[in-house]
Amino acid sequence: MKIGITCYPSMGGSGIIATELGIKLAERGHDIHFITSNIPFRIRKPLPNITFHQVEVNQYAVFQYPPYDITLSTKIAEVINEYDLDLLHMHYAVPHAVCGILAKQMSGKDIKIMTTLHGTDITVLGYDHSLKNAIKFGIEESDIVTSVSKSLAQQTQEIIETSKEIVPIYNFVRENEFPTIRNTNLKQYYGIEDDEKVIIHVSNFRAVKRIDTVIETFAKIHKQMASKLLLIGDGPELMDMKQLAKDLDIEEYIIFLGKQDWVSEFYQLADLVLLLSEKESFGLTLLEAMKSGVVPVGSTAGGIKEVIRHGETGYLVDVGDSSQASEYALKLLTDDTLYNKFQQTMLKDIEQRFSSDLITDQYEYYYRQMLEGNHD
1 MKIGITCYPS MGGSGIIATE LGIKLAERGH DIHFITSNIP FRIRKPLPNI
51 TFHQVEVNQY AVFQYPPYDI TLSTKIAEVI NEYDLDLLHM HYAVPHAVCG
101 ILAKQMSGKD IKIMTTLHGT DITVLGYDHS LKNAIKFGIE ESDIVTSVSK
151 SLAQQTQEII ETSKEIVPIY NFVRENEFPT IRNTNLKQYY GIEDDEKVII
201 HVSNFRAVKR IDTVIETFAK IHKQMASKLL LIGDGPELMD MKQLAKDLDI
251 EEYIIFLGKQ DWVSEFYQLA DLVLLLSEKE SFGLTLLEAM KSGVVPVGST
301 AGGIKEVIRH GETGYLVDVG DSSQASEYAL KLLTDDTLYN KFQQTMLKDI
351 EQRFSSDLIT DQYEYYYRQM LEGNHD
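Numbering follows full-length UniProt numbering, with no gaps: position 187 of the sequence shown is 187.
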């Protein structure tokens with residue numbers, strides 16, 4: 001198949017999944033065409049069967065804002081015609097699905113369109129009345145729509161008020177990118193003692209990630225055992241979280257590592273991962289940590305409860321409940337037998353439900369369904 005993929009090329013979960021899926025598909029012999037504003041950051045070297053088409057937005061005085069959507073649509077239409085694409089896979093309903101639909105009309109070809117919803121396009125933009133109709137249009141004019149969790153599919157139908165079938169297909173991680181190994185070489189570099197347990201959290205430091213609950217949970221853990229907290233990421237909440245660490249008198253035990261392109265080595269240091277968001281469509285960083293062998297404690301928000309099997313592969317707590325989160329964390333960190341049992345069950349579960357081959361198979365199946373006309 002000749003497949004055009006449009007996504008945000010940045011570090012966000014949608015860009016990561018879109019890129020990794022494209023790489024997997026290319027390895028299976030499909031011709032993959034990324035149509036984006038920049039080379040996706042996970043593509044570090046030239047790869048067979050992958051072509052990148054850059055969308056360059058010109059500045060014209062007549063436009064108050066650069067016309068990215070029109071330029072993207074035009075570029076997609078050019079690629080459709082030049083490379084005779086079979087289908088488009090658009091990540092995000094707005095703007096990408098809408099741009100794909102416009103590009104289809106520009107090209108004059110009956111190209112099939114799959115749209116994958118990742119969360120922000122629904123849980124944030126979906127509440128904006130000025131965008132709701134555009135999101136609904138992007139969804140309903142796509143041939144097949146997928147979402148990264150059952151929770152997001154349900155939210156979409158409730159918020160956007162669409163009857164379009166939405167197929168949940170989970171995210172995945174590339175197994176070779178997140179090996180299940182322990183690497184303590186970095187401990188000394190970051191001043192982590194051998195007897196200290198390491199807790200990790202990775203996010204974009206927005207209020208919705210509830211990093212305050214992560215820090216409060218860690219404060220309770222630290223009272224009971226020697227430990228350090230690694231916080232990876234940057235964003236609007238960063239300075240407030242540094243102040244909270246000072247207020248709780250634990251700043252010397254929290255390591256703010258800023259934005260990191262590659263986090264796998266930090267997961268190899270960690271004993272426990274915390275993701276206590278109040279909204280989360282899936283939680284890709286959670287899956288990355290778990291694939292690295294790090295047992296999780298997460299909130300019951302959104303897709304997190306679909307990733308963690310409570311009491312089997314980790315623990316779930318209500319949003320904002322730092323007391324229960326710390327109790328579960330201490331239970332795992334003070335009982336090696338329990339921890340190892342959870343870890344082994346977790347790794348087996350990831351292999352069964354979130355393997356890269358399994359998820360790629362699912363996308364291929366629905367691509368074929370579109371091309372054969374077996375869809376709504």
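Think of the CB as a built atom: it goes at the ideal place given N, C-alpha and C, for glycine as much as any other residue.
Subject >> Assigned secondary structure, GLN54 (DSSP; H/G/I helix, E/B strand, else coil) >> reply: Here residue 54 refers to the residue found at position 54 of the sequence shown. It is a strand residue.
Original post:
In terms of residues, what are the limits of the alpha helix (DSSP H) holding VAL214?
Top reply: Indexing the sequence shown from 1 puts residue 214 at position 214. Note, VAL214: alpha helix (DSSP H), 211–224.
**OP:** Just mark ARG210 as buried or exposed, buried being the case when its beta carbon has 16 or more other beta carbons within 10 Å.
**Re:** On the sequence shown, position 210 is the one that residue 210 refers to. The residue is buried, with at least 16 neighbouring Cβ atoms inside 10 Å.
**OP:** Could you check the C-alpha separation between GLU312 and THR345 for me, to the nearest Å?
**Re:** For the purposes of this step, residue 312 is identified with residue 312 of the sequence shown, where counting begins at 1. For the purposes of this step, residue 345 is identified with residue 345 of the sequence shown, where counting begins at 1. Rounded to the nearest angstrom, the two C-alpha atoms are 7 Å apart.
**OP:** Kindly indicate which residue of LEU186, LEU371 and SER326 has the alpha-carbon position closest to the one of GLN224.
**Re:** As a first step, residue 224 is located in the sequence shown; it is residue number 224 there, counting from the start. The shortest C-alpha separation from GLN224 is found at SER326.
Subject >> Minimum C-alpha distance to MET239 - residue among HIS129, ASN204 and PHE342 >> reply: Position 239 of the sequence shown, counted from the start, is the residue given in the question as residue 239. Ranking HIS129, ASN204 and PHE342 by Cα distance to MET239 puts ASN204 first.
**OP:** Compare the Cα-Cα distances from ARG182 to each of ALA219, TYR253, GLN268 and MET106 and report the closest residue.
**Re:** Counted from its first residue, the sequence shown places residue 182 at position 182. Of the candidates ALA219, TYR253, GLN268 and MET106, the one whose C-alpha sits nearest the C-alpha of ARG182 is GLN268.
Subject >> Run of the alpha helix (DSSP H) containing HIS129, from where it starts to where it stops >> reply: Translated into the one-based positions of the sequence shown, residue 129 becomes position 129. Counting along the chain, the alpha helix (DSSP H) containing HIS129 begins and ends at 129–140.
Subject >> Contact check, LYS187 vs SER227, beta carbons under 8 Å >> reply: For the purposes of this step, residue 187 is taken as the residue at position 187 of the sequence shown. For the purposes of this step, residue 227 is taken as the residue at position 227 of the sequence shown. Not in contact: LYS187 and SER227 (Cβ atoms no closer than 8 Å).
Original post:
Unbroken alpha helix (DSSP H) runs of length 4 or more, entirely within the segment 143–198: which are they?
Top reply: As for any alpha helix (DSSP H) of minimum length 4 sitting wholly inside the segment 143–198, the runs are 150–159 and 185–189, ordered along the chain.
Subject >> Backbone secondary structure at ASP31 - three-state DSSP >> reply: Start at 1 with the first residue of the sequence shown, and residue 31 comes out as number 31. It is a strand residue.
**OP:** Counting only the same chain and skipping the five closest in sequence on each side, list residues whose C-beta sits under 6 Å from that of ILE50.
**Re:** Counting from one through the sequence shown, the residue named residue 50 turns up at place 50. When the five nearest sequence neighbours on each side are left out, the beta carbons in the same chain lying within less than 6 Å of the beta carbon of ILE50 are those of ALA26 and ILE32, in order along the chain.
Original post:
Which term fits GLN155, buried or exposed, when burial requires 16 or more other beta carbons within 10 angstroms of its beta carbon?
Top reply: Taking the sequence shown and counting its residues from 1, one reaches residue 155 at position 155. With 16 or more Cβ atoms within 10 Å of its Cβ, GLN155 is classed as buried.
Original post:
Do you know how far the Cα of GLN157 is from the Cα of VAL307?
Top reply: Reading the sequence shown from its first residue, position 307 is the one you call residue 307. Reading the sequence shown from its first residue, position 157 is the one you call residue 157. If you take the alpha carbons of VAL307 and GLN157, they lie about 21 Å apart.
**OP:** Mark GLY191 as exposed unless 16 or more other C-beta atoms lie within 10 angstroms of its C-beta, in which case mark it buried.
**Re:** Counting from one through the sequence shown, the residue named residue 191 turns up at place 191. Exposed, by the Cβ-count rule.
Subject >> Opening and closing residue of the alpha helix (DSSP H) in which residue 438 lies >> reply: The structure shown does not extend to residue 438, since the chain is modelled only from 1 to 376, so the question has no answer here.
**OP:** Note the first and the last residue of the continuous beta strand (DSSP E) segment covering TYR315.
**Re:** By 1-based counting over the sequence shown, the position of residue 315 is 315. 315–317 is the extent of the beta strand (DSSP E) around TYR315.
**OP:** To the nearest angstrom, report how far apart ASP336 and GLU193 are at their CA atoms.
**Re:** Translated into the one-based positions of the sequence shown, residue 336 becomes position 336. Translated into the one-based positions of the sequence shown, residue 193 becomes position 193. The C-alpha of GLU193 is placed about 19 Å away from the C-alpha of ASP336.
Original post:
Using a Cβ-Cβ distance under 8 Å, would MET90 count as near chain D?
Top reply: No chain D appears in this structure, which consists of one protein chain only.
Original post:
Would DSSP call MET346 helix, strand or coil?
Top reply: Numbered from 1 along the sequence shown, position 346 holds the residue referred to as residue 346. Looking at MET346 - three-state DSSP - the assignment turns out to be helix.
Subject >> MET1: first and last residue of the uninterrupted alpha helix (DSSP H) it sits in >> reply: Counting from 1 along the sequence shown, the entry for residue 1 is found at position 1. DSSP places MET1 outside any alpha helix (DSSP H), giving it a letter other than H or E.
Subject >> Spatial distance of ALA97 from ASP361 (CA atoms) >> reply: As a first step, residue 97 is located in the sequence shown; it is residue number 97 there, counting from the start. As a first step, residue 361 is located in the sequence shown; it is residue number 361 there, counting from the start. So the alpha carbons of these two residues sit roughly 22 Å apart.
Original post:
In chain order, what residues of the same chain have a beta carbon less than 6 Å from the beta carbon of ASP143, not counting five sequence neighbours either side?
Top reply: What you label residue 143 is simply residue 143 of the sequence shown in a count that begins at 1. Cβ neighbours of ASP143 beyond the five flanking positions: LYS112, ILE113, MET370 and HIS375.
Original post:
Given that a residue counts as buried once 16 or more other Cβ atoms are within 10 Å of its Cβ, and exposed if not, what is HIS89?
Top reply: Looking up residue 89 in the sequence shown gives position 89. Per the 10 Å Cβ criterion, buried.
Original post:
Could you give the uninterrupted runs of the beta strand (DSSP E) lying entirely in the segment 259–336, keeping only those of 3 residues or more?
Top reply: List check, beta strand (DSSP E) in window: 272–275, 295–299 and 315–317.
**OP:** With DSSP as the reference, label LEU47 as helix, strand or coil.
**Re:** In the sequence shown, residue 47 corresponds to position 47, counting from 1. In the three-state scheme derived from DSSP, where H, G and I count as helix and E and B as strand, LEU47 is classed as coil.
Original post:
How would you write the range of the alpha helix (DSSP H) that ILE359 sits in, first residue to last?
Top reply: Counted from its first residue, the sequence shown places residue 359 at position 359. 356–371 is the extent of the alpha helix (DSSP H) around ILE359.
Subject >> Environment of LEU338 [buried if 16+ CB atoms lie within 10 Å] >> reply: Position 338 of the sequence shown, counting from 1, holds the residue named residue 338. Classification for LEU338: exposed.
Subject >> DSSP bridge partner residues for SER14 (one or two, in chain order) >> reply: Position 14 of the sequence shown, counted from the start, is the residue given in the question as residue 14. Its beta-bridge partners do not exist; DSSP assigns none.
Subject >> Under 8 Å between C-beta atoms of ASP199 and PHE218 >> reply: Position 199 of the sequence shown holds residue 199. Position 218 of the sequence shown holds residue 218. One detail in the question is off: residue 199 reads as Ile in this sequence, not Asp. For the 8 Å CB-CB criterion, ILE199 and PHE218 form a contact.
Subject >> Alpha carbon of LYS348 to alpha carbon of GLN64, nearest angstrom >> reply: Locating residue 348 in the sequence shown gives position 348, counting from the first residue. Locating residue 64 in the sequence shown gives position 64, counting from the first residue. Their Cα atoms are separated by approximately 53 Å.
**OP:** For TYR253, count neighbouring C-beta atoms within 10 Å of its own C-beta (all shown protein chains included) and say buried if the count is 16 or more, exposed if not.
**Re:** Your numbering for residue 253 matches position 253 in the sequence shown. Buried, since its Cβ has 16 or more Cβ neighbours within 10 Å.
Original post:
In whole angstroms, what separates the C-alpha of TYR189 from that of PHE266?
Top reply: Within the sequence shown, the letter at position 189 stands for residue 189. Within the sequence shown, the letter at position 266 stands for residue 266. Cα atoms of TYR189 and PHE266: separation of roughly 12 Å, rounded to the nearest angstrom.
Original post:
Where does ALA245 land, buried or exposed, given buried means 16+ other C-beta within 10 angstroms?
Top reply: By 1-based counting over the sequence shown, the position of residue 245 is 245. Buried: at least 16 other Cβ atoms inside 10 Å.
Original post:
Can the beta-carbon of LEU257 be found closer than 8 Å to that of VAL297?
Top reply: Indexing the sequence shown from 1 puts residue 257 at position 257. Indexing the sequence shown from 1 puts residue 297 at position 297. The Cβ atoms of LEU257 and VAL297 lie no closer than 8 Å to each other.
Original post:
Could you give the distance in angstroms between the alpha-carbon of GLY12 and the alpha-carbon of GLY4?
Top reply: The residue given as residue 12 occupies position 12 in the sequence shown. The residue given as residue 4 occupies position 4 in the sequence shown. In a straight line, the C-alpha of GLY12 is about 19 Å away from that of GLY4.
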